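These notes are about the structure you will find just below.
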Amino acid sequence: MILIDGKKTSSEIKNEIATRVAEIKSEGGKTPHLAAVLVGNDGASQTYVGAKVKACEEVGFKSTLVRLEETVSEAELLQVVEDINNNPDIDGLIVQLPLPKHISVDKVTNKIRPEKDVDGFTPANVGRMTLNWPAYVAATPYGIVELLKRYNIETSGKHCVVIGRSHIVGSPMSILMARNGYPGNATVTLTHSRTKNLSEITKTADILIVAIGKPEFVTGDMVKPGAVVIDVGIHRIEDSSKKSGFRLIGDVKFDEVAPLASAITPVPGGVGPMTIAALLYNTLQSAEKKVFG
Ligand code: NAD
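Just so we're aligned, residue 13 is where the sequence shown starts under my numbering, counting upward by one.
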């Protein structure tokens, strides 16, 4: 069984990005610049944005954090996005989700210029990805694709079963695995909350990608021996034996599934660490005008 190490792979990607940034700077080029907009004081969102800003520093990017009050109006937030859209020094823009209830996520997402949409959430980038054009692919699916690539996982002709159809993970993952290229060329089954006989389907998967958001949902009896298992889930479980008081588990019952799998991502240390690397990669692509030219 191969343990797919997202922590190691993400630091390799960050090193590659840092090397490229150093080259750009030594050639007198512009430093890549990511702007993050954070609305309100949600603890998890602050942690995520903080980690993104820190990662920018690590690879030599410039970063700007715009913090707005929870009470900011939709019109004010749209104006902030527009100002960043028009700022030629900024290459990438992310608006940390979730947003307060009085603000439409769709409106805000749609305001982001596709050329700066390094989260890959705008209709333009989702469409480009679907057409197999150069696109900013959302961080989690991009991270999974990169893990499959770097671990030389064969995908062509394989049966890939995806559990979950969210816009940020399951749905784009199903598109990427079916597209003509590598990784891709798989025969894909996308399953969701209305799917019947789920375990009959998962048992036929050569590659099983799990993004259901339910702790340890996938058990050993749902997995074909030799399958590649990608666990996207992240859940905090109370654990008094840990200093922090909790531990992280995934959507897959690791102890049961790992002995059966030919390769598997652990939680923590699998898909999770890849997301920030993906965001940095997309920002570098933007700075180098690699996606939209
Ligand atoms: P979501 O809640 O938006 O989507 C869950 C999906 O599971 C839905 O499409 C639903 O139809 C499907 N589903 C629910 N019950 C089902 C059932 N019985 N059978 C089949 N499908 C069923 O979740 P999400 O945003 O895609 O996230 C999934 C998990 O991944 C969560 O644990 C989340 O925390 C985690 N996550 C991790 C990362 C990362 O960086 N590693 C990124 C995003 C999400």
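Beta carbons are placed, not taken as given, at the ideal position from N, Cα and C, and that holds for glycine. This structure is a prediction, so every number in the text was calculated from the model and none was measured.
Following a CB-centred definition, is residue i positioned closer than 7 angstroms to any heavy atom of the ligand NAD?
| i | result |
| --- | --- |
| Gly182 | yes |
| Ile261 | no |
| Ala63 | no |
| Ala223 | yes |
| Arg177 | yes |
| Leu210 | yes |
| His247 | yes |
| Thr2 | Because the chain in this structure spans residues 13 to 305, residue 2 falls outside the shown range and cannot be described. |
| Val244 | yes |
| Gly55 | no |
| Thr121 | no |
| Ser205 | yes |
| Val283 | yes |
| Thr287 | yes |
So, are the CB atoms of residue i and residue j less than 8 angstroms apart?
| i | j | result |
| --- | --- | --- |
| Ala136 | Pro126 | yes |
| Ile224 | Val173 | no |
| Val78 | Val92 | yes |
| Leu210 | Ala239 | no |
| Val200 | Asp243 | no |
| Lys254 | Glu228 | no |
| Ile246 | Gly262 | yes |
| Ala150 | Ile288 | no |
| Ala290 | Tyr163 | no |
| Val283 | Ile156 | yes |
| Leu292 | Lys26 | yes |
| Ile106 | Leu89 | no |
| Glu82 | Pro112 | yes |
Is it right to say residue i is buried, meaning 16 or more other beta carbons lie within 10 angstroms of its own, or is it exposed?
| i | result |
| --- | --- |
| Ser186 | buried |
| Asn53 | exposed |
| Phe258 | exposed |
| Pro44 | buried |
| Thr121 | buried |
| Val117 | exposed |
| Arg206 | exposed |
| Glu35 | exposed |
| Ala56 | exposed |
| Pro195 | buried |
| Lys208 | exposed |
| Ala67 | buried |
| Pro110 | exposed |
| Thr295 | buried |
| Thr21 | buried |
| Lys37 | exposed |
| Lys128 | buried |
Might you give, ordered along the chain, the residues of its own chain that have their beta carbon closer than 8 angstroms to the beta carbon of residue i, omitting 5 neighbours on each side?
| i | result |
| --- | --- |
| Val61 | Ala48, Leu50, Leu77 and Gln108 |
| Gly182 | Val174, Ile175, Gly176, Leu202, His204, Ile221 and Ala223 |
| Ile249 | Pro227, Phe258, Arg259, Leu260 and Ile261 |
| Ala275 | Met13, Ile14, Leu15, Ile16, Tyr163, Ile165, Val240 and Val241 |
In its own chain, which residues sit with a C-beta less than 6 angstroms from the C-beta of residue i, not counting the 5 before and 5 after it?
| i | result |
| --- | --- |
| Arg191 | Asn144 |
| Pro237 | Leu272 |
| Glu28 | none |
| Asp103 | Pro44, His45, Thr295, Ser298 and Ala299 |
| Lys74 | Thr43 and His45 |
Excluding the 5 residues preceding and the 5 following residue i in the sequence, name in chain order all residues of the same chain whose CB lies nearer than 7 angstroms to its CB.
| i | result |
| --- | --- |
| Asp101 | His45 |
| Asn197 | Thr167, Ser168 and Gly169 |
| Pro285 | Gly18, Lys19 and Ser22 |
Beta-carbon of residue i versus every beta-carbon of chain B: anything under 8 angstroms?
| i | result |
| --- | --- |
| Glu39 | In the displayed structure, chain B is absent; only one protein chain is listed. |
| Entirely enclosed alpha helix (DSSP H) segments - the region 172-212, minimum 4 residues | 182-190
| Which whole runs of the beta strand (DSSP E) in the region 254-284 are 3 residues long or more, in chain order? | 258-261
| query | Taking the runs of the beta strand (DSSP E) that are 3 residues or longer, which of them lie wholly in the region 88-158? | reply | 104-107
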